[in-house]
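Residue numbers (our numbering): 30 to 368.
Following: one structure in structure tokens, then a few remarks.
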Ligand code: GLA
């Protein structure tokens, strides 16, 4: 599985933006992310029993002895993602190289998952996109303790240029859906760093699991069953998951028929559900969504990713300029040997 010692590799893993369907992946629901053109690139020479990496963007050098045992304690902190992947792959052959990224770090474009996938490919993981994504998801659990779902890593591994990815987390089916020619997606930073994501994320997930223990899988729960949940918090969380999955299906249909107005309205409705029922928004994110939705030519906007700060994704007409990054759907991660 690992490339031979002495070989030079370049692995390139995009970031991702989730267009709709947040906090559904770990409950077997649906989402529609896409890989973006900004990426993490690792250029390295394979060999030795250590991983030595420096980052062009972030201070600190990583020197990691293999095999890795405790990924969560590694310094500098970005090295934990590298260590998590090395541990998950049980890597015994290391590498020496550099990491470069044109992804805004810690902004909701999955710079960490992108780093994980880039490391996995550089270290010789030649599994299917699903297999690579699963190993990187488990690597993130090791690195951070946050019980994330598989959406980010799967979007990064399985991206298709010009397409959003309709994901069903019950079957792990990924269906690329062509983006309409006129659709322009923008990512706008709220100016607020994401906070408390790890613990609040785990708490939300636990609330969903408690609701599912009473009424069964949330994506299939009937509205009546959800309303019968006695705990109001569990009821609200379940309502979000169920309605969000329906919005994902409707959003995919809207994209297929080129109905940007309907697609935008579903994004804005998703934001309201994340704000009111899932309680992962912030005042700043709500204000930004309202402000963007008030602009002519913007069809809708929503927080993207886990919430608690970070970024908003907006759907706009061509010719509109927003104060952020315009993102294009790109292909998934790849590795070049002897570049
Ligand atoms: C984070 C996690 C994903 C997903 C989103 C919310 O990005 O890594 O698995 O749960 O939050 O949709």
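All residues carry an ideal CB built from backbone N, CA and C; glycine is no exception.
As the structure is a computational prediction, the values presented were derived from the model and not from experiment.
Beta-carbon proximity of residue i to residue j, cut-off 8 Å
i           : j           : result
residue 326 : residue 345 : yes
residue 361 : residue 186 : yes
residue 321 : residue 291 : no
residue 216 : residue 46  : yes
residue 279 : residue 48  : no
residue 114 : residue 138 : no
residue 167 : residue 67  : no
residue 108 : residue 74  : no
residue 37  : residue 368 : yes
Endpoints, the alpha helix (DSSP H) within which residue i is located
i           : result
residue 255 : 252-257
residue 182 : 180-187
residue 44  : Careful: residue 44 lies outside any alpha helix (DSSP H), inside the beta strand (DSSP E) at 37-49.
residue 355 : Where residue 355 is concerned, there is no enclosing alpha helix (DSSP H), although the beta strand (DSSP E) it sits in stretches over 354-356.
residue 159 : 158-173
Range of the contiguous beta strand (DSSP E) that encloses residue i
i           : result
residue 214 : 213-218
residue 143 : Note, residue 143: premise wrong, no beta strand (DSSP E); alpha helix (DSSP H) at 140-151.
residue 63  : 59-75
residue 366 : 363-366
residue 52  : From DSSP, residue 52 is part of no beta strand (DSSP E); its letter is neither H nor E.
residue 87  : No beta strand (DSSP E) holds residue 87; DSSP gives it neither H nor E.
Neighbourhood of residue i by C-beta distance below 6 Å, restricted to the same chain and skipping five residues each side
i           : result
residue 287 : 209
residue 69  : 42, 130, 143, 144 and 147
residue 40  : 71, 147, 150, 151 and 364
Residues of its chain near residue i, where Cβ-Cβ distance is below 8 Å and the 5 sequence neighbours each way are ignored
i           : result
residue 248 : 53, 56, 57, 58, 59, 199, 270, 271 and 274
residue 264 : 240, 255, 256 and 258
residue 262 : 236
Do three or more CB pairs link the stretch 352-367 to the stretch 219-235 at distances below 8 Å?
no
Using a Cβ distance threshold of 8 Å, determine whether the stretch 73-93 contacts the stretch 240-257, with at least three qualifying pairs required.
no
Would you call the stretch 50-66 in contact with the stretch 168-182, where contact means no fewer than 3 C-beta pairs closer than 8 Å?
yes
May I have a chain-ordered list of the alpha helix (DSSP H) segments no shorter than 4 residues that lie completely inside the stretch 236-315?
The qualifying runs are 252-257, 261-285 and 289-305.
Below 8 Å, how does it come out for the stretch 295-304 and the stretch 328-341: are there three or more Cβ pairs, yes or no?
yes
Kindly provide the ranges of any alpha helix (DSSP H) runs that are 4 or more residues long and lie completely inside the stretch 91-146, ordered along the chain.
108-117
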